[in-house]
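Here is the structure we will look at, set down as structure tokens.
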Amino acid sequence: MADAENYDAGSENSSQASEQEKAWALGAQAEFEKQNYSVAIQLLSKLESSRPQDPKVIHNKAIVNCFKAGLTNIFQFRKALTSIAKQLQCNLEDPKTLVDVDQCYVFYNEAVTLYCLRQYPKTLQILTKIFSLVEQLDESLARQVCFLLAEVYLRLNFPVKTLKMVHFMETSLLSHGAKLKSTLPLERERDKEKDCDGKEDLKSSFGDELLIPPGVRIRLQRLKIRAHLSLSKIEEAERELALLSEIDPENAATLFLKSKTLFVKGNYAASLKQFRLPEDDGLFKERGESDVVMYHNNTGCVYHAMGKYHLACLHFQKSLNKSSELLAEFPKPATGDPICNRPLVTIGSNYKYELLYNMGVSLLYARKPADAFDCLIETVQLHHRDPLIWLRLAECCIQVHKPENRKDFLLTERQREIVKATAGFGSHRKVVMSSRISNDDCKSSENAAIPVPTLEFGTLALRNAELLLNKLTIPNSTEDLGSKDESDSKGKPDLNVTLSEVSTLSKLRKPEFYRSLKNTIIADTSYAALCLGDYLTSLYKAEELLTQPHLSGNHKLLGHLYAAESLVLLNRINEAVPHLHPENVTKLSNFSPSESETTQYLPHTSDWFPLSTQTAKVVLQYNLSTVYAMRGEYEKAGELVRQLWNASKSHGIDVPIQVVTLALYVELQLGRTEIARNIIKQHCPQYR
Numbered sequence: 066m067a068d069a070e071n072y073d074a075g076s077e078n079s080s081q082a083s084e085q086e087k088a089w090a091l092g093a094q095a096e097f098e099k100q101n102y103s104v105a106i107q108l109l110s111k112l113e114s115s116r117p118q119d120p121k122v123i124h125n126k127a128i129v130n131c132f133k134a135g136l137t138n139i140f141q142f143r144k145a146l147t148s149i150a151k152q153l154q155c156n157l158e159d160p161k162t163l164v165d166v167d168q169c170y171v172f173y174n175e176a177v178t179l180y181c182l183r184q185y186p187k188t189l190q191i192l193t194k195i196f197s198l199v200e201q202l203d204e205s206l207a208r209q210v211c212f213l214l215a216e217v218y219l220r221l222n223f224p225v226k227t228l229k230m231v232h233f234m235e236t237s238l239l240s241h242g243a244k245l246k247s248t249l250p251l252e253r254e255r256d257k258e259k260d261c262d263g264k265e266d267l268k269s270s271f272g273d274e275l276l277i278p279p280g281v282r283i284r285l286q287r288l289k290i291r292a293h294l295s296l297s298k299i300e301e302a303e304r305e306l307a308l309l310s311e312i313d314p315e316n317a318a319t320l321f322l323k324s325k326t327l328f329v330k331g332n333y334a335a336s337l338k339q340f341r342l343p344e345d346d347g348l349f350k351e352r353g354e355s356d357v358v359m360y361h362n363n364t365g366c367v368y369h370a371m372g373k374y375h376l377a378c379l380h381f382q383k384s385l386n387k388s389s390e391l392l393a394e395f396p397k398p399a400t401g402d403p404i405c406n407r408p409l410v411t412i413g414s415n416y417k418y419e420l421l422y423n424m425g426v427s428l429l430y431a432r433k434p435a436d437a438f439d440c441l442i443e444t445v446q447l448h449h450r451d452p453l454i455w456l457r458l459a460e461c462c463i464q465v466h467k468p469e470n471r472k473d474f475l476l477t478e479r480q481r482e483i484v485k486a487t488a489g490f491g492s493h494r495k496v497v498m499s500s501r502i503s504n505d506d507c508k509s510s511e512n513a514a515i516p517v518p519t520l521e522f523g524t525l526a527l528r529n530a531e532l533l534l535n536k537l538t539i540p541n542s543t544e545d546l547g548s549k550d551e552s553d554s555k556g557k558p559d560l561n562v563t564l565s566e567v568s569t570l571s572k573l574r575k576p577e578f579y580r581s582l583k584n585t586i587i588a589d590t591s592y593a594a595l596c597l598g599d600y601l602t603s604l605y606k607a608e609e610l611l612t613q614p615h616l617s618g619n620h621k622l623l624g625h626l627y628a629a630e631s632l633v634l635l636n637r638i639n640e641a642v643p644h645l646h647p648e649n650v651t652k653l654s655n656f657s658p659s660e661s662e663t664t665q666y667l668p669h670t671s672d673w674f675p676l677s678t679q680t681a682k683v684v685l686q687y688n689l690s691t692v693y694a695m696r697g698e699y700e701k702a703g704e705l706v707r708q709l710w711n712a713s714k715s716h717g718i719d720v721p722i723q724v725v726t727l728a729l730y731v732e733l734q735l736g737r738t739e740i741a742r743n744i745i746k747q748h749c750p751q752y753r
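Structure follows, in structure tokens:
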């Protein structure tokens, strides 16, 4: 609310405010601070009758009306802001029209509204323009603009910019103060430090600490901790957390930050101990957040990182249930106005889709791909421009098609499948071999666009993921997101950023993550095409994968395997041989490259082979011997098979069951029937 002394700056600047008008204005402000909104509106109405064309009076009255309605009449409030902006000769849709300090108040309240609606890019455009006039603003408004701007940068994954803003507030704004005009901003100072995105998702100088109020210091510390954690600077986060613990030790937000810091360090058990199931304080309508929802979500994230996926799903479900329960208290929105009858602070508090994503990922790791698909396909409704979600959907489709390949390496358990039956007796006994021991048939659907967990839809999802990922501007390092120390002559930081066209659900990632993500998408595309019989596409993607820089050992192995199989199926057998040399295998990691950043380095599941570099070389040698057999080079094929078998016996290396059938085939082709009989007797004891 504008001070009475400043009414001469309004549209009626030809007349100074009278003593009566000043009394009405001061009285209205006092009543507003007491939350006596009806009395405040009466006083403002008297002031409006005296100054009917003053935009400040109209603006303040719109704010009080909005608070009186419990911040539920957002449509009417924004309509009033648009009208006031027009009166001030500016356009809320175009921040470039903001040229005067008096216009900042209207733009700031619009920014707060957009922030609560989670429209962060638009919020950023307005706030950066207001910040260009920060020296001319009232100290209270300038502080709130800076805090909101720092928060928006965190939401948009620009933590370095957040740190610059905090530094500016410590060294310039809060240390020296600013003598500016005053108004009543729509946003009250609330703590928003306790994130609910989970997976997604923490000793510096305060300048002149004596000039910074304790509440402001706490908010600054929380911002710094969150920014450092986003940058994976754990030591810096721990130092700031130690300072925060001294001035605000028992606050729930501090405990959440402690837990998150331990989580980022990988100390999951200690992180879990920080959590305490809070009681429902019933203040969701006022705060726009629920500690119960965040508790279950964050607990689920920790359990997921510990590999306890079913426990994680349980907590995510509890978080979803509590969130739905809180939102069900509001009346259903009217047609055409989905945000009516809802307090502004609660409109952006529906984390249904983020929670569904978390549950979907945990279900996927729990080997329930069909259930995971159902969760993730709902998440697409809001985050359809996130490549990571489309990749997860494709992984569900692939896992439904082939849940695991561990059984191919269970030699002892699957020996009985080699021989189908026998006929005759004695010397006339004949052995009927199984035509195949693999069940990798692909079931095609009629329409690939139907959202069901099939390889056809998985191919479509992978195409979307690749297209969206290519639109991302990937920095060379996380420091590139605003790390250059740029400021103007007045010490203000350069806060300009380039926003990506893709709004991502995931948090700030290292460049290595995006490279690994791209390689995973290419590898999955090659595999899906191979299963669907599209061998040219599979070959093209496999070769593309092998040309990628910084290729991991896992992806390199897959690239060579898919390229070789595609070439064989295209009857280009000779070209497949170079891909199958064991020298192509480098050290394999103990986890999937696509998982390393996304799931905090979870242990590799034992359902997928090869689990070691030695086994990977065995797989390549087996495929190479198969190619030799197809070319009629049975001696070479037989020699390789013997090497594989010796390695399995002497070093305990896992070999696939197909090695036995290949050995039988090769020995029969070479006319060594006695050796073939011995193989059957050794591996198929029921037919001795």
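First residue of the sequence shown: 66, per the numbering used here; consecutive thereafter.
The beta-carbon is built from N, C-alpha and C at its ideal position, and this holds for glycine as well.
(message) Can you tell me whether R637 is buried or exposed? The criterion is at least 16 other CB atoms within 10 Å of its CB, across all chains shown.
(response) exposed
(message) Check this for me: beta carbons of L689 and L705, under 8 angstroms apart or not?
(response) yes
(message) Please classify S114 as buried or exposed, where buried requires at least 16 other C-beta atoms within 10 Å of its C-beta.
(response) exposed
(request) May I ask you to report which of helix, strand or coil DSSP gives E265? (result) Low per-residue confidence applies at E265: pLDDT is 36, beneath 50, and the placement is therefore not dependable enough to give any value.
(message) Let me confirm a value: H241 is counted as buried when at least 16 other C-beta atoms fall within 10 Å, else exposed. Which label applies?
(response) Residue placement at H241 cannot be trusted, given a pLDDT of 48 that sits under 50; what the coordinates show is reported in the next sentence. By the neighbour-count rule (16 or more Cβ atoms within 10 Å), H241 is not buried but exposed.
(message) To the nearest angstrom, how far is the alpha carbon of A90 from that of K397?
(response) 37 angstroms
(request) Count the CB pairs spanning the region 582 to 595 and the region 524 to 531 that are closer than 8 angstroms, and state whether there are at least three. (result) yes
(request) To the nearest angstrom, report how far apart L385 and I744 are at their CA atoms. (result) 57 angstroms
(request) Just tell me which of L623, A694, L601 has its CA closest to the CA of N639. (result) A694
(request) Could you tell me which residues DSSP puts in a beta bridge with D451? (result) DSSP output for D451 lists no bridge partner at all.
(message) For the alpha helix (DSSP H) containing Q154, name the first residue and the last one.
(response) No alpha helix (DSSP H) holds Q154; DSSP gives it neither H nor E.
(request) Spell out a yes or no on whether the region 105 to 113 and the region 139 to 154 are touching, meaning 3 or more CB-CB pairs, one atom from each, closer than 8 angstroms. (result) no
(request) Could you please give the first and the last residue of the uninterrupted alpha helix (DSSP H) stretch that includes R116? (result) Looking at the DSSP string, R116 is not in any alpha helix (DSSP H), and its letter there is neither H nor E.
(message) Beta-carbon within less than 7 angstroms of L634's beta-carbon, same chain only, minus the 5 sequence neighbours each way: which residues are those?
(response) Y600
(request) Identify whether S83 lies in helix, strand or coil by the three-state DSSP scheme. (result) coil
(message) Check whether the region 147 to 161 and the region 328 to 335 are in contact - that is, three or more C-beta pairs closer than 8 angstroms.
(response) no
(request) State buried or exposed for P117, treating a residue as buried only when at least 16 other CB atoms are found within 10 Å of its CB. (result) exposed
(request) Express the C-alpha separation of L342 and V357 in angstroms, rounding to a whole number. (result) 7 angstroms
(request) Put L676 into one of helix, strand or coil per three-state DSSP. (result) coil
(message) I'd like the span of the alpha helix (DSSP H) that includes E443, first residue to last.
(response) 434 to 444
(request) From the DSSP output, in three-state form, read off L285 for me. (result) helix
(request) Alpha carbon to alpha carbon, how far is H625 from E648? Give it in angstroms, no decimals. (result) 11 angstroms
(request) Check L611 in the structure and name its three-state DSSP category. (result) helix
(message) So, under 8 angstroms CB-CB, A459 and C378 are touching, yes? Tell me the CB distance rounded to an integer number of Å.
(response) Not a contact, Cβ separation roughly 21 angstroms.
(message) So, under 8 angstroms CB-CB, L136 and Y185 are touching, yes? Tell me the CB distance rounded to an integer number of Å.
(response) Not really, about 19 angstroms apart at Cβ, beyond 8 angstroms.
(message) Looking at C440: is its Cβ nearer than 8 angstroms to the Cβ of F522?
(response) no
(message) For the alpha helix (DSSP H) containing L634, name the first residue and the last one.
(response) 618 to 634
(request) Could you tell me the distance, in whole angstroms, from the CA atom of T236 to the CA atom of K87? (result) 35 angstroms
(message) For the pair the region 443 to 451 and the region 209 to 216, tell me if three or more CB-CB distances fall below 8 angstroms.
(response) no
(request) Taking I442 and Y422 to be in contact with their CB atoms under 8 angstroms, please state how far apart those CB atoms are, rounded to whole angstroms. (result) That belief does not hold up - the Cβ atoms of I442 and Y422 are roughly 11 angstroms apart, past 8 angstroms.
(request) With a threshold of 16 other CB atoms inside 10 Å of the CB of D203, please say whether the residue is buried or exposed. (result) buried
(message) Let me check understanding here. Comparing Cα to Cα, which of E608, V166, P614 lies closest to A641?
(response) E608
(request) Assign L202 to one of three DSSP states: helix, strand, or coil. (result) strand
(message) Distance check for D165 and Q100, CA to CA, integer angstroms please.
(response) 30 angstroms
(message) Mapping the DSSP letters down to three states, classify P468 as helix, strand or coil.
(response) coil
(message) With the cut-off set at 8 angstroms, would you say V724 and L709 are in Cβ contact?
(response) yes
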